[in-house]
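In our numbering, the protein residues as written are 9 to 102.
To keep things clear, I will list the structure first and then write my remarks on it.
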Amino acid sequence: MARARSQMTADTESVRITTWTFEDGEATGFHRHELDYVVVPITGGTFEIRDGRGGTRELVQQAAVAYLGSRGTEHDVVNRSGQPASFVEIELKR
Numbered sequence: 009m010a011r012a013r014s015q016m017t018a019d020t021e022s023v024r025i026t027t028w029t030f031e032d033g034e035a036t037g038f039h040r041h042e043l044d045y046v047v048v049p050i051t052g053g054t055f056e057i058r059d060g061r062g063g064t065r066e067l068v069q070q071a072a073v074a075y076l077g078s079r080g081t082e083h084d085v086v087n088r089s090g091q092p093a094s095f096v097e098i099e100l101k102r
């Protein structure tokens with residue numbers, strides 16, 4: 009599966025900010041979050057979330073509607089929007 013592109017724009021003592029950009033069908037790759045985080049959707053879109061136990065669920069993001077994620081979350085995120093999609097991930101170090 010093709011990989012989404014990530015661009016880190018800040019990495020300080022308190023936060024790490026990464027912009028994720030996906031074509032339809034692209035994925036982040038399976039990963040584990042070591043920090044709590046905030047996701048701020050830029051475009052909105054529909055994503056398939058694959059967990060480490062083989063389960064999947066659908067996540068619909070709305071542009072500019074932020075949500076929280078928890079440290080320890082393990083998943084792969086796949087764009088199923090039928091078009092490009094992007095979001096900003098802000099990891100909280102403190």
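Each residue gets a CB set at the ideal place from its N, CA and C atoms; glycine is no exception.
Residue i versus residue j: straight-line alpha-carbon distance, rounded
i: residue 79; j: residue 42; result: 5 Å
i: residue 30; j: residue 56; result: 12 Å
i: residue 71; j: residue 91; result: 14 Å
Cβ-based burial, residue i [other Cβ within 10 Å; buried from 16]
i: residue 6; result: Given a span of 9 to 102 for the chain in the structure shown, any question on residue 6 remains unanswerable.
i: residue 49; result: buried
i: residue 66; result: exposed
Three-state secondary structure (DSSP) of residue i
i: residue 46; result: strand
i: residue 77; result: strand
i: residue 89; result: coil
i: residue 52; result: coil
i: residue 9; result: coil
Whole-angstrom C-beta distance between residue j and residue i, which should lie under 8 Å
i: residue 23; j: residue 100; result: 6 Å
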